[in-house]
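Residue numbers (this note's numbering): 87 to 472. From the three backbone atoms N, C-alpha and C, an ideal C-beta is built for every residue, glycine too. Because the structure is a prediction, the values reported are computed rather than measured.
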Ligand SMILES: NC(=O)C1=CN([C@@H]2O[C@H](COP(=O)(O)OP(=O)(O)OC[C@H]3O[C@@H](n4cnc5c(N)ncnc54)[C@H](O)[C@@H]3O)[C@@H](O)[C@H]2O)C=CC1
Ligand SMILES: O=C(O)C(=O)CO
């Protein structure tokens with residue numbers, strides 16, 4: 087028999103049983119559910135990543151909806167179990183949902199929610215932080231100081247890259263990629279080259295307007311270019327940040343061949359998903375090109391790094407913390423809870439998942455809608471007129 091899973095229960099007499107596989111920041115998300123007659127069960131198991139068997143035990147015989155995490159494998163087994171338990175709602179507490187088999191969810195009629203928008207700026211800020219840390223060798227310099235090695239100013243000590251006037255390349259200029267581009271352009275007066283399947287019209291307009299502003303003030307204007315191929319970005323840019331979704335078109339997007347066409351002193355940032363980079367190839371490239379630097383928030387075999395990566399001084403590595411600001415994480419919890427609640431209540435789907443602010447205002451009740459359901463169309467769910 088499966089080992090019982092430890093849980094914390096809120097509103098035990100609630101009619102709808104909602105399970106959260108992890109404790110999430112803030113309490114608003116719990117209150118929103120309990121106020122609407124939900125019994126909320128939060129898994130309190132100590133282990134970081136729950137297995138499919140752990141989650142099956144949490145779902146049990148009766149469960150209306152689950153809030154899950156990007157570390158979990160949501161496929162056929164879990165969606166069929168959720169459906170058998172009477173559930174029709176699942177939400178990732180994440181905008182990325184490459185851990186979810188949406189086809190399986192469709193098969194069992196389970197709505198799949200995600201949490202767009204609330205993490206855009208926070209994630210872009212971390213990508214910008216990694217860009218600066220890599221450009222100015224901040225982690226190496228910090229370690230040098232702490233090791234007691236600093237014995238005086240030197241002309242060659244930790245010389246890095248100046249960003250001003252250089253070119254920032256963005257691959258995947260959606261919400262986060264565009265926010266990152268704006269930060270690097272406005273903050274450091276970089277020119278932009280980007281590659282996306284779609285035109286980033288608002289971003290282009292922003293760069294044009296900012297360029298005009300700089301020109302009117304007697305400064306060199308910034309420019310933008312939409313690249314016809316990803317290779318154009320890799321060849322031209324000095325700093326390249328990856329922000330696409332992870333799917334079969336972006337798996338190992340950065341491989342040995344593509345690394346070889348990048349500038350020898352380029353900086354590569356990844357705050358999207360680890361498998362977008364062939365990490366073993368990256369380790370070899372870092373070894374062979376000491377002036378090439380990377381900033382990584384995500385890893386191919388997360389939570390592990392490929393052998394050799396940790397030893398590379400030209401790599402800055404952080405543990406998938408790009409969305410880790412208090413406001414954002416509480417907002418992600420709120421959106422995930424409202425996705426599940428909305429589906430249980432039979433609410434329609436919010437028409438614009440890029441504009442989720444009304445759900446985040448602590449001072450007013452959220453709209454009667456699901457903020458973001460990725461398979462709404464496939465399930466034939468109605469769109470909100472709000
Ligand atoms: N490290 C972290 O903590 C976080 C990581 N993420 C990751 O960032 C991803 C992007 O998030 P958003 O910007 O909100 O999504 P988004 O959907 O607004 O942007 C993704 C962009 O990638 C583009 N794209 C898709 N396939 C492509 C391809 N083959 N080549 C080039 N571009 C392609 C899309 O057209 C879209 O513009 C998420 O899916 C998630 O995996 C998101 C938040 C935090
Ligand atoms: O939202 C996501 O996709 C993350 O990676 C965590 O914020």
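CB contact flag (residue i, residue j, <9 Å)
{"i": "residue 261", "j": "residue 438", "result": "no"}
{"i": "residue 152", "j": "residue 106", "result": "yes"}
{"i": "residue 352", "j": "residue 390", "result": "no"}
{"i": "residue 250", "j": "residue 276", "result": "yes"}
{"i": "residue 162", "j": "residue 132", "result": "no"}
{"i": "residue 221", "j": "residue 248", "result": "yes"}
{"i": "residue 208", "j": "residue 410", "result": "yes"}
{"i": "residue 257", "j": "residue 326", "result": "yes"}
Assigned secondary structure, residue i (DSSP; H/G/I helix, E/B strand, else coil)
{"i": "residue 242", "result": "coil"}
{"i": "residue 405", "result": "coil"}
{"i": "residue 193", "result": "helix"}
{"i": "residue 128", "result": "strand"}
{"i": "residue 458", "result": "coil"}
{"i": "residue 102", "result": "strand"}
{"i": "residue 87", "result": "Because residue 87 sits at a pLDDT of 48, beneath the cut-off of 50, its placement in the model cannot be relied upon, and the point is left open."}
{"i": "residue 154", "result": "strand"}
{"i": "residue 325", "result": "strand"}
{"i": "residue 436", "result": "coil"}
{"i": "residue 135", "result": "coil"}
{"i": "residue 394", "result": "coil"}
{"i": "residue 175", "result": "strand"}
{"i": "residue 428", "result": "helix"}
{"i": "residue 353", "result": "strand"}
Assigned exposure category for residue i - 16 Cβ within 10 Å defines buried
{"i": "residue 472", "result": "exposed"}
{"i": "residue 457", "result": "buried"}
{"i": "residue 231", "result": "exposed"}
{"i": "residue 87", "result": "Bear in mind that a pLDDT of 48 at residue 87, under 50, signals an unreliable position, so the model cannot answer this."}
{"i": "residue 386", "result": "buried"}
{"i": "residue 474", "result": "Coverage of the chain is limited to positions 87 through 472, which leaves residue 474 absent and any answer about it impossible."}
{"i": "residue 206", "result": "buried"}
{"i": "residue 415", "result": "buried"}
{"i": "residue 201", "result": "buried"}
{"i": "residue 217", "result": "buried"}
{"i": "residue 398", "result": "buried"}
{"i": "residue 97", "result": "buried"}
{"i": "residue 374", "result": "exposed"}
Proximity winner among the options, relative to residue i (alpha-carbon distances)
{"i": "residue 263", "options": "275, 92 and 279", "result": "279"}
{"i": "residue 431", "options": "281, 197, 246 and 158", "result": "197"}
{"i": "residue 210", "options": "406, 357 and 142", "result": "357"}
{"i": "residue 370", "options": "388, 401 and 383", "result": "401"}
{"i": "residue 290", "options": "313, 434, 274 and 227", "result": "313"}
{"i": "residue 213", "options": "451, 265 and 138", "result": "265"}
{"i": "residue 245", "options": "267, 188 and 219", "result": "219"}
{"i": "residue 127", "options": "319, 114, 413 and 103", "result": "103"}
{"i": "residue 362", "options": "339, 383 and 130", "result": "339"}
Closer than 8 Å is the cut-off here; do at least three beta carbon pairs connect the segment 318-333 with the segment 295-307? no
So, do the segment 337-351 and the segment 276-295 have three or more beta carbon pairs nearer to each other than 8 Å? no
Decide yes or no for the touch test of the segment 161-180 against the segment 140-151: beta carbon pairs closer than 8 Å, at least 3 of them. yes
At a cut of 8 Å, does the segment 115-124 reach the segment 136-149 through at least three beta carbon pairs? no
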